[in-house]
Amino acid sequence: MSLDRSDVDKIAHLARIRISDDEKDRYVQDLNNILDLVEQMNAVDTDGISPMAHPLRMVQRLRHDEPSEPNRRERFQGVAPATEDGLYLVPKVIE
Amino acid sequence: MHEKSIAEIDEGLRNGDFTSVELTRHYLERIERLDPHLNSFITVAADTALEAAEHADSRRRAGDQGVLTGIPIAHKDIFCTYGLKTSCGSYMLDSFIAPYSATVVERLELAGAVVLGKTNMDEFAMGSSNETSWYGPVKNPWDETKVPGGSSGGSAASVAARLCAAATGTDTGGSIRQPAALCGVTGIKPTYGRISRWGMIAFASSLDQAGPMARSAQDAALLLQAMAGFDPRDSTCAQEPVPDYGAGLETDLKGLRIGLPKEYFSEGLDAGVAASIQTAIDEYKRLGAETREISLPNSPLSVPTYYVVAPAECSSNLARFDGVRYGHRCKKPRDLEDLYKRSRAEGFGAEVKRRIMIGTYVLSAGYYDAYYLKSQKLRHLISDDFKRAFEQVDVIMGPTSPTTAFPLGDKKDDPVAMYLNDIYTIATNLAGLPGISIPVAPANGLPVGLQIIGNYFQEGRLLNAAHKLQQTTGWHLATPPGFE
């Protein structure tokens, strides 16, 4: 199957990336070329093969639920585009 | 001074032949003179470098030093460096001053290394030519019409051009080894989890691994020693002891079993590259190693598998760039959705957007099994190929890249052609194995890299094999004309 302009619209919305009308044909072409490459995966039957989630088959290490890092709110908010009273500012969401 | 190995610099500093401040000034002068054209640095940190060099000199005077104390290095701009711009090659992070340092950066700082600056790279490490960088491409010091490889192209070019003693890189599908090959330097991608990923801007978290890029295996071993080891802040960092990499360098290679995968010597491999690789393998035989042909039958599937796994993980990781907490924010957003969409559209370049889009698609409802799950199953098969191979051989050898450095602009507009560059390097990332690229005899007047792949946590063996070849051949000593 191959993607068309409306698929590209849908994917761009899911990815929260604005795409202009004149970029769309290029995306259709590029994404389809990449998916053609990816389709080569179907040459192999993988029934009964377990998926590999971690290269070393390690299990997730857990720690106690205790604070382990110092509070660096000011330093971290220093690189934010807009903050006020320790909060991140975004356009109004609720009327 | 810039021709010296790290061990020679250490000796010079110990003997008082020169100071770290003098050495750092010398490198900064070279960067100022030679880099504007090469473009291997995004940020040069002259002031903090000189401060660090002064500190290193006083540490050495007090007898509190290691071999890396006062050695000028560079960090790929993917590692967070406290107080220094950390752009990841993207306009998205053009004004981002890291509020903390990566574990790798902290460890090298603790060892006393001096950071000259941050090196250029493909945007968010997505690329094989350094051409996706928002800061413009890096030129290959061997031929300025050619790419340096990527994504750690700035680190590879700066090491090759003797603009730093060594540099750090990261490798998700070949991003240390391929530029090392194309620029004629030594680069090792360790086992997944060998080095902490904390503070290293994430691309594909199940594949990303940091490593050193240096002029020799011996220098790379010194950096790896400082970088490797457990870090509680990275939940996937391995709790394996770190061996003494320097101690194993001289081990005799007699009886070393080398596997040559027939899939790595098939169509698509440049004849000149093939001949250089053969010359190196013959040299290994002279050193007492044995070779045998092996097969990694699923390796042709590694590129398609990678282009599901890596974009899927990248689309999740890069969701954090939302214009709210850090990074670029668009002007006058109408509402929150407009803020997200325009900040991301303006902040990311074309290749990053393509990969986010592919990743978003393969993870979207209804397609997960056909793409992501399928790729994880293939990953298992690819990994099992190596498992079987390492029952018969100690290391696997082959070319790092199918060609020498290609012309700038050649593959820029053809993503799929660009992806095929990493055909020999990607499988080791999918399997989590360590791999090293070392310079061998040049072909077409350009550097060629030999890739050596080892079993899990066998970095020492790779460095040993690399070092022995470098001792007898000296191919790694070649310096690009104009940078002597």
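For the protein sequence lines, the chains are A and B, in the order given. Quick note, the first sequence lines up with residues 34 to 128 if you use this note's numbering. Quick note, the second sequence lines up with residues 307 to 790 if you use this note's numbering. The beta carbon of each residue, even a glycine, is placed where N, CA and C say it ideally should be.
Contact annotation for Gly499 (chain B) against chain A: Leu89 [CB-CB distance below 7 Å, chain order].
Within the segment 422–500 of chain B, the beta strand (DSSP E) runs of at least 3 residues that lie entirely inside it are, in chain order, 472–477 and 492–495. Contact annotation: the segment 605–618 of chain B does not touch the segment 697–716 of chain B, with fewer than three C-beta pairs closer than 8 Å. Residue range Arg563 to Pro567 is occupied by the beta strand (DSSP E) that includes Pro567 (chain B). Within the segment 508–566 of chain B, the runs of beta strand (DSSP E) at least 3 residues long that lie entirely inside it are, in chain order, 515–520. Excluding sequence positions up to five before and after Trp781 (chain B), its CB lies within less than 7 Å of the CB of Pro745, Val746 and Ala747, all in the same chain and listed in chain order.
As computed with DSSP, Met506 (chain B) is found in a beta bridge with B:Phe385. Put simply, of B:Gln777, B:Gly665, B:Ser681 and B:Val630 the residue whose alpha carbon is nearest the alpha carbon of Leu122 (chain A) is B:Val630. Selection B:Ala651, B:Ala676, B:Phe763 and B:Ile759 evaluated against Ala45 (chain A) yields B:Ala651 as nearest (Cα-Cα). Inter-residue distance for Pro787 (chain B) and Leu769 (chain B) is about 27 Å (C-alpha atoms, whole angstroms). Counting every other CB atom within 10 Å of its CB across the protein chains shown gives Pro547 (chain B) a total below 16, marking it as exposed.
Uninterrupted beta strand (DSSP E) stretches at least 3 residues long and entirely within the segment 694–751 of chain B occur at 701–705 and 741–749, given in chain order. Interface annotation, Ile82 (chain A): in contact with chain B, CB-CB separation under 8 Å. Take the alpha-carbon of Ser707 (chain B) and the one of Ile729 (chain B): they are about 7 Å apart.
Pairing Cys394 (chain B) with Asp428 (chain B), the inter-Cα distance amounts to about 8 Å.
Taking the C-beta atoms as reference points, Pro405 (chain B) is found no nearer than 8 Å to Thr474 (chain B). Distance from Gly389 (chain B) to Ile377 (chain B) at the Cβ level is roughly 21 Å; contact not present, criterion being Cβ atoms closer than 8 Å.
Considering only beta carbons, the part of the segment 58–82 of chain A lying closer than 7 Å to chain B consists of Tyr60, Asp63, Leu64, Asn66, Ile67, Leu70, Val71, Gln73, Met74, Val77, Thr79 and Ile82, in chain order.
Secondary structure note for Arg38 (chain A): its alpha helix (DSSP H) is the uninterrupted segment Arg38 to Leu47. The beta carbon of Thr349 (chain B) is closer than 8 Å to those of Asp383, Leu390, Lys391, Ser393, Gly423 and Lys424 in its chain, skipping five residues each way along the sequence. Per DSSP, reduced to three states, the secondary structure at Pro114 (chain A) is coil, with no helix or strand assignment. Against chain A, a Cβ distance below 8 Å from Pro610 (chain B) picks out Leu70, Val71, Glu72, Gln73 and Met74. At least 8 Å separates the beta-carbon of Ser407 (chain B) from that of Ala431 (chain B). In the DSSP annotation of this structure, the continuous segment of the alpha helix (DSSP H) that includes Arg367 (chain B) starts and ends at Ala352 to Arg367. Taking a beta-carbon distance threshold of 8 Å, Pro124 (chain A) counts as an interface residue toward chain B. Counting only residues of its own chain and dropping the five nearest sequence neighbours on each side, Leu602 (chain B) has a CB closer than 6 Å to the CB of Pro567, Glu569 and Asp691.
A Cβ-Cβ contact shorter than 8 Å links Leu488 (chain B) with Ala462 (chain B). Identification of residues in the segment 613–628 of chain B having a C-beta nearer than 7 Å to some C-beta of chain A yields Tyr613, Val614 and Ser621, given in sequence order.
Val453 (chain B) and Pro84 (chain A) have their alpha carbons spaced roughly 36 Å apart.
When the Cα atoms are used, Arg108 (chain A) and Gly119 (chain A) turn out to be separated by approximately 11 Å. In the structure shown, the three-state DSSP call for Arg105 (chain A) is coil.
The Cβ atoms of Pro447 (chain B) and Ala419 (chain B) lie no closer than 8 Å to each other.
Interface annotation for the segment 734–751 of chain B against chain A: Ala737 and Gly738, criterion Cβ-Cβ distance under 7 Å. Here Gln62 (chain A) is exposed, its C-beta having fewer than 16 other C-beta atoms within 10 Å.
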